[in-house]
Amino acid sequence: MEARRAPRAVIDPKVRRVGFFAPPDRSRSGPPDPISFDISPTANSLSPVMIPPPRHSSESLSLHARPAATSPSGEESVTAGSYSSSSEFFPAPMSPAPSSYSSRTIADDGDFFDSGKVASSFPRGGFDLTAMKASSVPASELTTGAVVNADSLAIREREKADKGGGSAVEVKDQALNAKQKKEKTTKAERRALQEAQRAAKAAAKAEGNKASGTLASVNVKPARAAKLPQKVDNASVAASEKKGGDRPQEKDRKKDVPQPRMQYDDKSRVDKAKRRAVVKQTEAKNRVELFRHLPQYEHGSQLPDLEAKFFQLGPVHPAVYKVGLQYLSGDISGGNARCIAMLQAFQEAIKDYRVPTEKTLVRDLTAKLSSYVSFLIECRPLSISMGNAIRFLKSRIAKLPLTLSESESKTSLQSDVERFINEKIILANKVIVKHAITKIRDGDVLLTYGSSSAVEMILLHAHELGKQFRVVVVDSRPRLRGKLLLRRLVEKGLRCTYTHINAVSYIMNEVTRVFLGASSVLSNGTVYSGVGTACVAMVAHAFRVPVLVCCEAYKFHERVQHDSICSNELGNPDIISTVQSREDVNHLEAWANTENLQLLNLIYDATPSDYVSMIITDYGMVPPTSVPVIVREYSREHVWI
Amino acid sequence: MICYPYPKVTFSPVREHLKSWTAQNLGSADTAAIQILFSLPKMPDVQTLVNDFLNQLKKRKIEGSQATAKLTAELLRSVISQQRVPHTNQATALIYAVRAVGEQLIAANPVELAVGNIVRRVLHIIREEDLSLATAAMAGLGVSAASDDEDDMERDENSVLSAAAVAAAARSTLRPPSLQTLLEDTPDSAAAPHTSSSGGESDGRSRSVDKGSRVRKLKHDVIEAVNELIQDISTCYEQIAEQAVEHIHHNEVILTLGSSKTVLEFLYAAKEKQRSFKVFVAEGAPRYQGHILAKELAARGLQTTVITDSAVFAMISRVNMVIVGAHAVMANGGVIAPVGLNMVALAAQRHAVPFVVLAGSHKLCPLYPHNPEVLLNELRSPSELLDFGEFSDCMDSASGTGSLHVVNPTFDYVPPKLVSLFITDTGGHNPSYMYRLIADYYSADDLVVKRRPTAGS
């Protein structure tokens, strides 16, 4: 085993070039060499990692941390061997009894590793861990250097590690002792290694939280791993156990990746979804051909039915049920409002949650949450911001330390949700207002479209500061949300002009700035927002008026999109046919009976990034090109603390 | 024989005064009385017709440039037919009468450019008929005057005799201009002012040969020509629609905004020719005429989808062609169009979708726009956007600083660079060509219908 491992130790880093690799001559010279000698070169060769890009270092962090899981089993060379053998890219002979489970794990791991680079910006600490099992770093080096790192880290992280359980730490201490006995490294060398590690950590400051998350789950692992006998046939047990632990995370990961959304022109899947559905929906008549892939149901029919069922004990928590109905009826609309309502409902649900016997909180709660979410989707398709919030919550559940008691986990989750609402939505809005206010000058004419909570706050705040400006509220059918905004602004004493979207080119002559809200900003800079936003931005661009998009960073998404058709939401077409307070417009009353006539009520559209001068977000004012950077560097670990 | 310009000179200051006074006071009865007072040559019943029409224009009772154009032409026809024509200087008299009415009509609704267009067209017709008669008289002095019903034959003769007569004949058939007419145009328009005032004497002298028939003839010809014009206006749909098959192919996706009869007929004509295509209709707030159009189209078997105006940008990427109607086409190729079309045009440009404007020739306006968004626009009632009572409560409670304006413009100006193609009843044209096309329909000195101070003396 040792002999087989050695050459690979040379090849793999060369192939992969992850950033630290052993000088070939050294590792070739002494594959079976005492580990101790390898340590100092390892420390040296680690130097490129000392100032690594944050993502990178986090990889190495988890990489180093991982063997800590195995170390308590005593004989690290053996455990390490079993790990590395199970993590071959090459079809290396497996350990004697590779169960189906373990082999699957391997396969998965391999996949993860391939996608690891791309996916590592994703918020799943546990995943880095599994992914790194497939690492082809020389096993011998790993077992030593890595363990040392893990030890030092473990010690340093002990305070940091959230309720990581005394047992885990204990285990680590054992590991440390065991190591220290075996190691013949000098103190200075170990010191150097620690320094390197520290530097890497400092560099990874941006990802620090994530790393700590990783460590937290690492801390959990040893507790389990420690119980395992190191016999080979038990490896499968270990694998299965591991898999059990990983499964929710795997699921989670799949959800994290912008998976192909449900395409509603796929008959079999729609049928499947229908069988599960709580809300009985009937497919709308006279669908627009172009939007077959989006769900569109008859509106108005389900609501009374669902209301009637409110008091029946169903699988859906009443708070969630209520929010769902509010979505359905349109009582709650607007990205932030919907997101907050949903999170608060989830908070309620978590509060009332009891772990069923024979089940673990992590898995069961995640499943429950998923069922709630699918209920909400049935009521109204999720907005991107809601998707992000759900992802956050799920990742928090997945990262819950197993050692936490039920009530502790619940309180921790509830406070997480609370924090998300406060920091990511409410505080973010305040920061946006602070930034945006600097862009309003006396004498400005500000145009806004529809009703955005962030823009409203900006306008009101600017007014409170005594700035002299005029507001043009542009509105469009069928939602006419601008009317509500207009009312609130006029009541506050702002000077307003109201018009409809067709007249935007007429009014744009006098406008000096356009403030727009957004439902989401996608990573190609496309602003995904209420339908009509693109028109307004386009006209503003044509008139050389700067367009400022106000959007909280939690609404950013790594998806890309360049049209408004592939992904969108369809509203109730009936409300197109009638015009509010205009009884004379009734030509389309019986539209559903006319075979060739369809009504299209789009909810969102995509504004190309070149129409957007600036995006005001909680990280400051950035050009649309910086969105992917924020998505990658900030959103992740800040959202997913 | 009473020379017409004489009383004109005498009463001119009075007329000017009264005119400005009537412009300020829109009362119809007063206007009518005054009109009768100072336009003695006209029959009172014409004057009532004019006043009715003026009122309708002022109150915006007549909608749509086509209807307005037709009514204007009909009114002018009756003005001409009622006009007592002196033996000399008939054309001047007619021009004068038409101008006097046209001025009022234009002032009644300056935004409805079709009125001015028709007035200018009629003036142009009078000038051309006069010219053709004059040349006929000059050339065929020896030839016995043809009887009225042998009009066509006479024209044929004329065309042989004189190139100017060809130009005149070209007008009535609305042929696309040939190089010949192009060359003839300049002296033609240059000569026109002289015929109106100073050229009168020579005309009179030449016409003295056979006054009686020619007096009847000019009026008759003009009325004939105006009838043709009316005919043209009411059939311009068909002529435009005939070209539909050349522009719409199978499986095309077409977007339009609001409602236009021209567009409806155009699309329907393509449908008739077994083209199957889809139409997106933006509803065209605040009038929502798109609903009507969509209903009509669907009833005629076209796949129609109604979208909100805000979804135009979202949908335009899947559209092959934008086909819209216009309110007026300016000489620079810009379009005064229903509100919202500038947005559509910009979206179409962004996605390189052809933006096709259908316009009957009565919509071609010889003027160049200046600040058309404001000057050639009209604000409609705010109640179309907001209910009257809806904001009354918060306006009362507002602390005094708050205010609310509701802007509801009727038209948009689409600059020529956003228009890909005009389809008129004479065929398809580039925006840059419009000025030339327009020059065919109008004579240069009618561009300003309002009489200059010099014109009165």
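Residue numbers (UniProt numbering), protein chains in the order written: chain A, 1 to 641; chain B, 1 to 457. The C-beta atom is built at its ideal place from N, Cα and C for all residues, glycine as well.
Comparing C-alpha positions only, which one of B/S420, B/H250, B/S276 and B/E296 sits nearest to B/V322?
Position 322 of the second sequence, counted from the start, is the residue given in the question as residue 322 of chain B. Ranking B/S420, B/H250, B/S276 and B/E296 by Cα distance to B/V322 puts B/S420 first.
Classification of A/R292 by the beta-carbon crowding that lies within 10 angstroms, buried from 16 upward
Your numbering for residue 292 of chain A matches position 292 in the first sequence. A/R292 comes out exposed.
Could you work out which residues of chain A lie near B/K295, taking near to mean beta carbons separated by less than 9 Å?
In the second sequence, the residue the question calls residue 295 of chain B occupies position 295. Under the 9 Å cutoff, chain A gives H587, L588, W591, T594 and L597.
Distance check for A/V531 and B/F280, CA to CA, integer angstroms please.
By one-based count along the second sequence, residue 280 of chain B stands at place 280. By one-based count along the first sequence, residue 531 of chain A stands at place 531. Going by the C-alpha atoms only, they are around 16 Å apart.
At the level of alpha carbons, what is the spacing between A/A308 and A/L325?
On the first sequence, residue 308 of chain A is found 308 positions in, with the first residue counted as 1. On the first sequence, residue 325 of chain A is found 325 positions in, with the first residue counted as 1. The alpha-carbon atoms of A/A308 and A/L325 are separated by roughly 11 Å.
Mind checking B/H250: buried by the 16 CB within 10 Å criterion, or exposed?
The sequence position of residue 250 of chain B within the second sequence is 250, counting from 1. Counting Cβ neighbours within 10 Å, B/H250 comes out exposed, since fewer than 16 surround it.
Measure the Cβ-Cβ separation of A/L570 and A/I616 and say whether it is below 9 Å.
Counted from its first residue, the first sequence places residue 570 of chain A at position 570. Counted from its first residue, the first sequence places residue 616 of chain A at position 616. Contact flag unset, no.
Note down, in chain order, all residues in the region 302 to 317 of chain B with a beta-carbon under 9 Å from any beta-carbon belonging to chain A.
L302, Q303, T304, T305, V306, I307, T308, D309, S310, A311, V312, F313, A314, M315 and S317
Pairwise C-alpha distance: A/L382 and A/V270:
Numbered from its first residue, the first sequence carries residue 270 of chain A at position 270. Numbered from its first residue, the first sequence carries residue 382 of chain A at position 382. Using only the alpha carbons, I get a separation of about 17 Å.
Continuous beta strand (DSSP E) stretch holding B/H405: start and end:
Numbered from 1 along the second sequence, position 405 holds the residue referred to as residue 405 of chain B. Start and end: S403 to V406.
Contact under 9 Å by Cβ, A/T594 with A/N586:
Here residue 594 of chain A refers to the residue found at position 594 when the first sequence is read from its first residue. Here residue 586 of chain A refers to the residue found at position 586 when the first sequence is read from its first residue. Contact flag unset, no.
Determine the chain B residues that contact A/D444 at a beta-carbon separation under 8 Å, and present them in chain order.
If you number the first sequence from 1, residue 444 of chain A lands on position 444. Within chain B, no residue comes near A/D444; the closest Cβ sits about 16 Å away, beyond 8 Å.
Measuring CB atoms only, is the region 290 to 305 of chain B touching the region 321 to 340 of chain B, in the sense that at least three cross pairs come out at less than 8 Å?
no
Please return the same chain residues whose Cβ sits closer than 7 Å to the Cβ of A/Q468, not counting the five positions on each side in sequence.
Here residue 468 of chain A corresponds to residue number 468 of the first sequence, with the count starting at 1. D442 and G443, listed in sequence order.
CB contact below 9 Å: A/E633 versus chain B:
What you label residue 633 of chain A is simply residue 633 of the first sequence in a count that begins at 1. By this cut-off, A/E633 is not an interface position.
Give me whichever residues DSSP pairs with A/A534 in a beta bridge.
For the purposes of this step, residue 534 of chain A is taken as the residue at position 534 of the first sequence. BP columns for A/A534 are empty, so no partner.
Does DSSP put B/H220 in a helix, a strand or coil?
As a working note, residue 220 of chain B is residue 220 in the second sequence. B/H220: helix per DSSP, three-state reduction.
Excluding sequence positions up to five away, which residues of its chain have a Cβ less than 7 Å from the Cβ of A/R396?
Numbered from its first residue, the first sequence carries residue 396 of chain A at position 396. Once the five neighbours on either side are set aside, the close Cβ partners of A/R396 are L413 and D416.
Proximity below 9 Å, CB of B/Q90 to CB of B/S234:
Here residue 90 of chain B refers to the residue found at position 90 when the second sequence is read from its first residue. Here residue 234 of chain B refers to the residue found at position 234 when the second sequence is read from its first residue. Taking 9 Å as the Cβ cut-off, B/Q90 and B/S234 do not qualify as a contacting pair.
Any idea what DSSP makes of A/S529, helix, strand or coil?
Within the first sequence, numbered from 1, the residue matching residue 529 of chain A stands at position 529. In the structure shown, A/S529 sits in a strand (DSSP, three-state: E or B).
Enclosing beta strand (DSSP E) for A/D444 [first to last residue]
Reading the first sequence from its first residue, position 444 is the one you call residue 444 of chain A. Counting along the chain, the beta strand (DSSP E) containing A/D444 begins and ends at D444 to Y449.
Where B/P286 meets chain A, residues with beta-carbon distance less than 7 Å
Working through the second sequence from its first residue, we reach residue 286 of chain B at position 286. Within chain A, the residues near B/P286 are H500.
Using a Cβ cut-off of 7 Å, pull out every chain A residue sitting near B/A298, in sequence order please.
To locate residue 298 of chain B, count along the second sequence from 1; it is residue 298. Within chain A, the residues near B/A298 are T594, N596 and L597.
Is it a yes or a no for the region 273 to 289 of chain B touching the region 253 to 261 of chain B, going by three-plus beta-carbon pairs under 8 Å?
yes
Using a threshold of 9 Å, state whether the C-beta atoms of B/T68 and B/V115 are closer than that.
Translated into the one-based positions of the second sequence, residue 68 of chain B becomes position 68. Translated into the one-based positions of the second sequence, residue 115 of chain B becomes position 115. It is a contact, given that the beta carbons lie within the stated cut-off.
Any idea what DSSP makes of B/P366, helix, strand or coil?
Working through the second sequence from its first residue, we reach residue 366 of chain B at position 366. Correct three-state label for B/P366: coil.
Contact the region 95 to 114 of chain B vs the region 50 to 66 of chain B: 3+ CB pairs below 8 Å
yes
Does B/P409 get closer than 9 Å to chain A when you measure Cβ to Cβ?
If you number the second sequence from 1, residue 409 of chain B lands on position 409. B/P409 counts as touching chain A.
Just checking B/A352 against the ligand ADP - is the residue's beta carbon closer than 8 Å to any of the ligand's heavy atoms?
Questions concerning the ligand ADP fall outside what the structure shown contains, since it holds no ligand whatsoever.
Where B/D440 falls, given that 16 or more other Cβ within 10 Å makes a residue buried
Along the second sequence, read from residue 1 onward, the residue named residue 440 of chain B stands at position 440. Answer is buried; the Cβ neighbour count reaches 16.
C-beta contact flag for A/A503 and B/V407 at 9 Å
Position 503 of the first sequence, counted from the first residue, corresponds to residue 503 of chain A. Position 407 of the second sequence, counted from the first residue, corresponds to residue 407 of chain B. Taking 9 Å as the Cβ cut-off, A/A503 and B/V407 qualify as a contacting pair.
Note down, in chain order, each residue of its chain lying with its Cβ closer than 7 Å to the Cβ of A/R488, except the 5 sequence neighbours on either side.
For the purposes of this step, residue 488 of chain A is taken as the residue at position 488 of the first sequence. E456, listed in sequence order.
Could you work out which residues of chain B lie near A/D605, taking near to mean beta carbons separated by less than 8 Å?
Position 605 of the first sequence holds residue 605 of chain A. Result: S310, A311, F313 and A314.
Contact check, A/Y498 vs B/L379, beta carbons under 9 Å
Here the question's residue 498 of chain A lines up with position 498 in the first sequence. Here the question's residue 379 of chain B lines up with position 379 in the second sequence. Cβ atoms of A/Y498 and B/L379: not closer than 9 Å.
Which chain A residues sit within Cβ distance under 8 Å of B/M343?
The count along the second sequence starts at 1 and reaches residue 343 of chain B at position 343. The answer, in chain order, is I501, N502, V504, S505, C535, M538 and V539.
Beta-carbon neighbours of B/S260, restricted to chain A and to distances below 9 Å:
Stepping through the second sequence from its first residue, residue 260 of chain B is reached at position 260. Ordered by position in chain A, no residue passes the 9 Å Cβ test against B/S260, which lies about 15 Å from the chain.
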